[in-house]
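Undergrad: Residue numbers (the working numbering): 379 to 644. First, the structure itself, so that you have it in front of you.
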């Protein structure tokens, strides 16, 4: 996991350095280039092809097996537990963003779900109206005014940018669960958590992503646009105005946004 994150950071640095190189001189071409903000697109497409092959050959089949053989209630419990494990990271970023109200909700969710929700496998806090909302250091950097930088496609991890790659690296190193796993030689716990989260996340978007790919002329650019919309929505907490053609863009909301996006393309 740390190797992947170091690779992500290195690619983010490369993307930042190359962002200023190779800008077209033609005004129309330059406008299109700036809008895409993807200066290393050939390289990114190569990584995308690798990720797509990995997904088709391994991740997607495992996700289908997971979805088709585990009851919905069990999958929801696993997802709730993974959400609960992220609480320290979410709470820290709530505080760093100066969002006291969100910090109170995050803390109350953790206490309620840990005590009443059997260690986080249940979500009684959500049933009471305190819905899960993820936060990360990439969002915090955005709130502080840092730009996203050029688009990058990371091996295994997928779409990103320098700001989000740095945020991912910081979150990983300050995560108490990861620190415990490293200090007690239980690295397999971190790997298992990462794997289960990835499979659970992929299992919730199999149909929606398939539909989007079928209706897309260039799925690479569709994913690029989708990622930016998702991140804008996450940073603004769903208050992005007309720039986001959906009331909710969050992979943690199930297939809702992806279904809506697929419908818009049909």
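Backbone N, C-alpha and C fix where the C-beta goes; we use that ideal spot for every residue, glycine too.
By the DSSP assignment, the beta strand (DSSP E) with residue 536 in it spans what residues?
TA: The residue labelled residue 536 in the question sits at position 158 within the chain shown. That run of the beta strand (DSSP E) goes 536 to 538.
Undergrad: Less than 8 angstroms between the beta carbons of residue 556 and residue 514, yes or no?
TA: Counting from 1 along the chain shown, the entry for residue 556 is found at position 178. Counting from 1 along the chain shown, the entry for residue 514 is found at position 136. No. Outside cutoff.
Undergrad: For my contact list, residue 612 and residue 475 are in at a C-beta cut-off of 8 angstroms; report their separation, rounded to the angstrom.
TA: Counting from 1 along the chain shown, the entry for residue 612 is found at position 234. Counting from 1 along the chain shown, the entry for residue 475 is found at position 97. Their Cβ separation, rounded to whole angstroms, is 12 angstroms, which puts residue 612 and residue 475 out of contact at 8 angstroms.
Undergrad: Rounding to the nearest angstrom, what Cα-Cα distance links residue 620 and residue 529 in this structure?
TA: Within the chain shown, the letter at position 242 stands for residue 620. Within the chain shown, the letter at position 151 stands for residue 529. Reliability fails at residue 620, whose pLDDT of 42 lies under 50, so the model's placement of it is uncertain and the value that follows must be treated cautiously. Cα-Cα distance, rounded: 22 angstroms.
Undergrad: Mind checking residue 537: buried by the 16 CB within 10 Å criterion, or exposed?
TA: For this step, residue 537 is matched to residue 159 along the chain shown. Result: buried.
Undergrad: Whole angstroms is fine: what's the gap from residue 492's alpha carbon to residue 460's?
TA: Walking along the chain shown from the start, residue 492 turns up at place 114. Walking along the chain shown from the start, residue 460 turns up at place 82. For residue 492 and residue 460, the distance between alpha carbons rounds to 12 angstroms.
Undergrad: Report yes or no: do the stretch 439 to 446 and the stretch 574 to 582 share at least 3 C-beta pairs separated by less than 8 angstroms?
TA: As far as the Cβ criterion goes, the stretch 439 to 446 touches the stretch 574 to 582, which means the pair count is three or higher.
Undergrad: Please report how far the alpha carbon of residue 469 lies from the alpha carbon of residue 535, in whole angstroms.
TA: Taking the chain shown and counting its residues from 1, the one referred to as residue 469 is at position 91. Taking the chain shown and counting its residues from 1, the one referred to as residue 535 is at position 157. About 23 angstroms.
Undergrad: Going along the chain, which residues of its own chain have a beta-carbon closer than 6 angstroms to the beta-carbon of residue 371, five neighbours each way excluded?
TA: This structure does not reach residue 371, given that the chain is present from 379 up to 644, and the question cannot be answered.
Undergrad: Taking only the alpha-carbon atoms, compute the straight-line gap between residue 545 and residue 551 and give it to the nearest angstrom.
TA: Residue 545 sits at position 167 when you count from the first residue of the chain shown. Residue 551 sits at position 173 when you count from the first residue of the chain shown. Spanning the two alpha carbons is a distance of roughly 10 angstroms.
Undergrad: So who's on the other strand from residue 531, going by DSSP bridges?
TA: Walking along the chain shown from the start, residue 531 turns up at place 153. Paired residue(s): 537.
Undergrad: Please state whether the Cβ-Cβ distance between residue 490 and residue 502 is less than 8 angstroms.
TA: Here the question's residue 490 lines up with position 112 in the chain shown. Here the question's residue 502 lines up with position 124 in the chain shown. Yes, the pair counts as a contact, with Cβ atoms nearer than the cut-off.
Undergrad: Measure the alpha-carbon distance for residue 481 versus residue 463 and round it to whole angstroms.
TA: Along the chain shown, read from residue 1 onward, the residue named residue 481 stands at position 103. Along the chain shown, read from residue 1 onward, the residue named residue 463 stands at position 85. Looking at the two C-alpha atoms, the distance is approximately 15 angstroms.
Undergrad: So residue 533 and residue 429 are supposed to be a Cβ contact under 8 angstroms. How far apart are they, rounded?
TA: Indexing the chain shown from 1 puts residue 533 at position 155. Indexing the chain shown from 1 puts residue 429 at position 51. Confirmed, Cβ separation roughly 7 angstroms.
Undergrad: What residue does the alpha helix (DSSP H) around residue 476 start on, and which one ends it?
TA: On the chain shown, residue 476 is found 98 positions in, with the first residue counted as 1. Counting along the chain, residue 476 falls outside any alpha helix (DSSP H), and DSSP gives it neither H nor E.
Undergrad: Between 505, 602 and 617, which has its C-alpha nearest residue 413's C-alpha?
TA: In the chain shown, the residue the question calls residue 413 occupies position 35. Nearest option by C-alpha distance: 602.
Undergrad: Measure the C-alpha to C-alpha separation of residue 564 and residue 572 and round it to an integer number of angstroms.
TA: Counting from 1 along the chain shown, the entry for residue 564 is found at position 186. Counting from 1 along the chain shown, the entry for residue 572 is found at position 194. Those two C-alpha atoms are separated by around 13 angstroms.
Undergrad: Taking 8 angstroms as the CB-CB cut-off, is residue 527 touching chain C?
TA: No chain C appears in this structure, which consists of one protein chain only.
Undergrad: Out of 496, 447 and 509, which has the shortest C-alpha to C-alpha gap to residue 486?
TA: For the purposes of this step, residue 486 is taken as the residue at position 108 of the chain shown. Looking at the Cα atoms, 509 is the closest of the given residues.
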